[in-house]
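Participant:
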């Protein structure tokens, strides 16, 4: 651009101010620091002079203003004349791609003369690129000027970071460029070109510690408009109560970011290396779930969340205005997946949102969460389902440990946790009957008369007892009392007060609930009535079984719970991208 | 069971009538046909005798009743004494699995003496099993008795079917067993054991045509309670207006099942081979979508469907009662996926329900459908996104053609369609600008002044023009006028009346809409205001961009539309498991 466009400084050359060849001095004005040291005499000095020589005040002020203006112009001039090295990029980075593709016409309107289509490098690969020039987009995590000749940047891509330096050199890099770079706000997005070189000593503040980038060009892609709600450094601190002492032995007071503050500015909070890893692991669990089921003959289905009736169980459902009537949000795909079995799909699974209108403000309840649900036919015994679910979990745990140890380690830095343990080999997963679980709690001192059901507190206690006795964070409880389960649960054939149902636990919290279902319409209607559900209100569901249905069973898994408990995140909101609870609908 | 339990006939041996060793005569009474031919003299004969010998009437009636009873008892006796060969199975097929696993105790309570754990065979593999004994669960599609010594069954598993015969033989199979089998209702579920043998001639009525099964045992797993809403045969007829003539040259009147009738009894409708294949293909499209994106560095996310504000665009949203306030159902994951980009996830996709409160009762609108959405950062030009989306579609089309040709063929029998065509090779997918598309329509005679937008009718017309000229069912229209797109669409840098946006089409209907998005908060707020959206109502969304956001773009695909148009199902309800429209919330 250099000389040719110098005259254009204040004359936009196209119709819209957002897409013109933006005069870089305009858009950069905010970013060019105008520190007092360079810009003229300090205020203290002025005060001194004012006292001594009142007359000279006006003249001095005028002189100061002129100097400041001159400095600004000089800075802008430097920026403009070296815009191939620094400056703000246009919103539309490459506006003439089509032209180029169709006729190899040279691209004249980009604000940087770089050849188009150059690949962008990943910081994670820099250790292997010593001596090579790289081009990459990254966030400015922090910047630190050292005098006026050097600035250190910590540049971040997701969970990876690298140190970069801009050093003033007589031939290439001006002091203005150093200054401009030092003025970049934290969390700005920049496009950087530079040389990867071995660093003289390990860089502890970055994830890539053995190399650094010597910057030759740096351009701003997106700046910051306002103040960050919290720094990424604060948001990434370990979640421990441990006191850290500084060099003088004084306890350090770190800013900790409260969960609510994080969730209010979730977009910034999600940028921490921890959260980048958490959601990579969330996606991994979904993938491992699907892979296992696809390999075992399951079909993925999608069932409607809008329901004509508020049914299934006592749990509250959300009501929706539906044209001139009402609908309800499905609290699980239970009915639909059973109907899919009655429709001969044999083995089905669904990954989709489920909605619970329960006013539960706990660490483990959300009003909307992801259900990993499956349902399958049974040939002889409901343990076919329970065993398949067990194999599914083992496959997920193994997959996480084998393929995602790096992400688990990153999360562990912020949320220290004992490694998640499960039993492998011939002894297999621990399976207790409900009665055995109760006996363990009674032996530990819990009064039997309080144990009609196992509440959250006793669940955790049982988890600790099991961990101590069997050294596992994962186990199954089978044969729950019929009265604790929904109407569609198949009773036990020997003892109808029990049922063919099971829960799965991780670190003492329930993550799956499942059972054999009743496939006989007469028995189903009878159980509905006994649980206070009007069979007529669920006619379509019942009709499915009247037309013949194979024996079947299944289960529903809470994705966020599995993620929270595997990583010990301690609050389910941390395992949900934009969590919803009775008090939060935003962002 | 034989002799030992004969005395027990009317005394249930356990507590619950549903789980006892059900006396087979009780549960079978309804199924055992009690035809007049065997049971005593016919009514005509009685009338004759009545006229001739009035006196003998009472005696004859008594004799008839006795005979009938004796026949029933004999039939029941045969059933009971041969319950290893036929009869209704218990609801709980194998009640002592745990016992057996723990101690190898013999299983005493199953109603059939088969060894437990025998693998179930798939009808689809029978062609390769000539001469082998198979055990399998299947639906009775039809049964046809030939005299009293033989019954032909058409047995179905999903899209596969096979012919089976029960033939009376002196040593093994009684006439009663033939009769019992002939009495099984269509759509009953049975467990069958038999010998696979080459059939003397191809069996046209079954999908497996070269072999048939000679049944040695048949048990009822689940019967039918009531009347089928329609036969599977009727529901599987080709959807053409072609008249079929019978052997005498008369036009045949087939029962056709109306779409509404099908949807009212969707569980039965879904059992047709066509629908089994349709939903296998639906699942396949989701898999191919994920595979491609996983291989291209995308992360799967799950964003909340409950939203605090009714925003995004003019499209109507459903209102939800949310504790003491209100929420709204997301009409797309647009805002959330853009926030995920602002949160540095770089490339994200989501497969989830989207909700549209539009009272559109057309062949291609649903109030709830599956959105396949993606969003990605842009390095230089928005065509990076458009080209990735194009590669994604080609990968889906190729995947379907290569791996699912059998399913496509099955659907084609009921819904005849020209094979879906797209362009491969160096010329690649056809890309038209909006203006070029308009010109094509004008050339074809559509008045230009009616073409501010392309309505459904003109979309289809354009599809036909493109097919005629370029021989493709798949193409892209780029650079839509800004006024046709939502506020978050990035304007074209050269002509701000245009936008960096595109739609994708299959067989002349839109299946994807996408664009580069505005990542600059000031421009975004300006565009919001110009489209009548209050920026304050979307503060969390805008805040995401204020804290720095990379240029990005994406698109949203309607899963059911892709499925409907690829297969030419002609109505989107056929591509949804349990469709929702303004008039349907059930089943």
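Chains as they are written, first to last, in UniProt numbering: chain X, 1 to 587; chain G, 1 to 587. Virtual Cβ for every residue (Gly too), placed ideally from N, Cα, C.
1. Is it a yes or a no for the region 495-515 of chain X touching the region 471-485 of chain X, going by three-plus beta-carbon pairs under 8 Å?
2. Would you say the region 289-297 of chain G touches the region 388-396 of chain G, given that touching needs at least three Cβ pairs under 8 Å?
3. In three-state terms, what does DSSP make of residue 185 of chain X?
4. Measuring alpha carbon to alpha carbon, tell me which of X:359, X:437, X:192 ends up nearest residue 318 of chain X.
5. Please name the residues in the region 179-213 of chain X whose beta-carbon is closer than 7 Å to at least one beta-carbon of chain G, in chain order.
6. Distance, Cα to Cα, residue 546 of chain X vs residue 584 of chain G?
7. Using Cβ-Cβ distances below 9 Å, what residues of the region 523-544 of chain X are close to chain G?
8. Check whether the Cβ atoms of residue 262 of chain G and residue 235 of chain G lie closer than 8 Å to each other.
9. Measuring straight from C-alpha to C-alpha, what distance separates residue 452 of chain G and residue 461 of chain G?
10. Closer than 7 Å by C-beta to residue 466 of chain G: which residues in its own chain qualify, once you throw out the five before and the five after it? Chain order, please.
11. On the DSSP bridge list, what partners appear for residue 505 of chain G?
12. Note down, in chain order, every chain X residue with its Cβ under 9 Å from the Cβ of residue 288 of chain G.
13. So what does residue 194 of chain G bridge to, in DSSP terms?
14. Which residue's Cα is closest to the Cα of residue 147 of chain X: X:124, X:157, X:178?
15. Rounded to a whole number of angstroms, what is the C-alpha to C-alpha distance between residue 227 of chain X and residue 580 of chain G?
16. Name the two residues that bound the continuous beta strand (DSSP E) containing residue 353 of chain G.
17. Could you list which residues in chain B have their beta carbon closer than 8 Å to that of residue 280 of chain G, in chain order?
18. Spatial neighbours of residue 335 of chain G within its chain, please: C-beta separation below 6 Å, excluding the five flanking residues on both sides.
19. Per DSSP, residue 556 of chain G forms a beta bridge with which residues?
20. Please list the partners that residue 332 of chain X has in chain G, where partner means a Cβ-to-Cβ separation under 8 Å.
21. For residue 375 of chain X versus residue 552 of chain X, is the C-beta distance shorter than 8 Å?
22. For residue 327 of chain G, collect the residues of the same chain with a Cβ closer than 7 Å to its Cβ; drop the 5 residues on either side in sequence, then sort them by chain order.
23. Taking only beta-carbon atoms, is residue 222 of chain X less than 8 Å away from chain G?
24. For residue 392 of chain X and chain G, any beta-carbon pair shorter than 8 Å?
25. Pull out every residue of the region 350-371 of chain G whose Cβ sits closer than 8 Å to any Cβ of chain X, in chain order.
26. Which stretch, first to last residue, makes up the beta strand (DSSP E) that contains residue 538 of chain G?
27. Give the residues of chain G in contact with residue 277 of chain X, contact being defined as C-beta atoms less than 8 Å apart.
28. For a quick check, are the C-beta atoms of residue 194 of chain G and residue 216 of chain G less than 8 Å apart?
29. Just to confirm the assignment, what range does the beta strand (DSSP E) spanning residue 167 of chain X have?
30. Would you say residue 578 of chain G faces chain X, with C-beta separation under 8 Å as the test?
31. On a Cα-Cα basis, can you pick out the residue from G:470, G:582, G:60 that is closest to residue 323 of chain X?
32. Which residue comes first and which comes last in the beta strand (DSSP E) that contains residue 340 of chain X?
33. In whole angstroms, what separates the C-alpha of residue 186 of chain G from that of residue 423 of chain G?
34. Please identify the residue among X:528, X:530, X:377, X:419 whose C-alpha is closest to the C-alpha of residue 507 of chain X.
35. Here's the rule: buried if 16 or more other CB atoms are within 10 angstroms of the residue's CB, otherwise exposed. What is residue 573 of chain X?
36. If I measure Cβ to Cβ from residue 421 of chain X and keep anything under 6 Å in the same chain, skipping five residues before and after, which residues do I get?
Facilitator: So, from the data block:
1. With three or more CB-CB distances shorter than 8 Å, the region 495-515 of chain X counts as touching the region 471-485 of chain X.
2. Result yes; three or more Cβ-Cβ pairs closer than 8 Å.
3. In the three-state reduction of the DSSP assignment, residue 185 of chain X falls in the coil class.
4. When each option's Cα is compared against that of residue 318 of chain X, the closest is X:359.
5. So the list reads 187, 188, 189, given in the order they occur along the chain.
6. A straight-line Cα-Cα distance of about 22 Å links residue 546 of chain X and residue 584 of chain G.
7. Those would be 523, 526, 539, 540, 541, 543, 544, in chain order.
8. The Cβ atoms of residue 262 of chain G and residue 235 of chain G sit closer than 8 Å to each other.
9. Rounded to the nearest whole angstrom, the CA to CA distance from residue 452 of chain G to residue 461 of chain G is 16 Å.
10. Hits under 7 Å: 430, 472, 475.
11. Per the DSSP secondary-structure output, residue 505 of chain G pairs in a beta bridge with G:475, G:510.
12. Identification of chain X residues near residue 288 of chain G by a Cβ-Cβ cut-off of 9 Å yields none; the smallest Cβ-Cβ distance measures about 12 Å.
13. Looking at the DSSP assignment, residue 194 of chain G forms a beta bridge with G:134, G:215.
14. Closest in C-alpha terms to residue 147 of chain X, from the list X:124, X:157, X:178, comes X:178.
15. Taking the straight line from one Cα to the other gives about 45 Å.
16. Residue range 347-355 is occupied by the beta strand (DSSP E) that includes residue 353 of chain G.
17. The chain labelled as chain B is not found among the protein chains of the depicted structure, namely X and G.
18. Non-local C-beta neighbours of residue 335 of chain G in its own chain, meaning closer than 6 Å and more than five positions away in sequence, comprise 541, ordered along the chain.
19. According to DSSP, residue 556 of chain G shares a beta bridge with G:373, G:513.
20. Taking a Cβ-Cβ threshold of 8 Å, none of the residues of chain G is close to residue 332 of chain X; the smallest such distance is about 14 Å.
21. Annotated as proximal: residue 375 of chain X and residue 552 of chain X, with beta-carbon spacing under 8 Å.
22. Taking C-beta separations shorter than 7 Å and ignoring five residues to either side along the sequence, the partners of residue 327 of chain G in its chain run 306, 307, 308, 320, following chain order.
23. Look at residue 222 of chain X: its C-beta is under 8 Å from a C-beta on chain G.
24. So, not an interface residue.
25. Residues of the region 350-371 of chain G whose Cβ lies closer than 8 Å to any Cβ of chain X, in chain order: 351, 352, 353, 355, 357, 359, 367, 368, 370.
26. Under the DSSP assignment, residue 538 of chain G falls outside any beta strand (DSSP E); it carries neither an H nor an E label.
27. For residue 277 of chain X, no chain G residue has a Cβ inside 8 Å of its Cβ, as the nearest lies near 11 Å away.
28. Cβ distance < 8 Å, so residue 194 of chain G and residue 216 of chain G count as in contact.
29. Start and end: 160-167.
30. So, interface residue.
31. The closest CA to that of residue 323 of chain X, considering only G:470, G:582, G:60, is found on G:582.
32. Here residue 340 of chain X belongs to no beta strand (DSSP E); instead the alpha helix (DSSP H) covers 334-342.
33. Cα to Cα, residue 186 of chain G sits roughly 46 Å from residue 423 of chain G.
34. The residue from X:528, X:530, X:377, X:419 with its alpha-carbon nearest to that of residue 507 of chain X is X:419.
35. Burial call: buried.
36. Closer than 6 Å at the Cβ level, and outside the excluded window around residue 421 of chain X, lie 472, 473.
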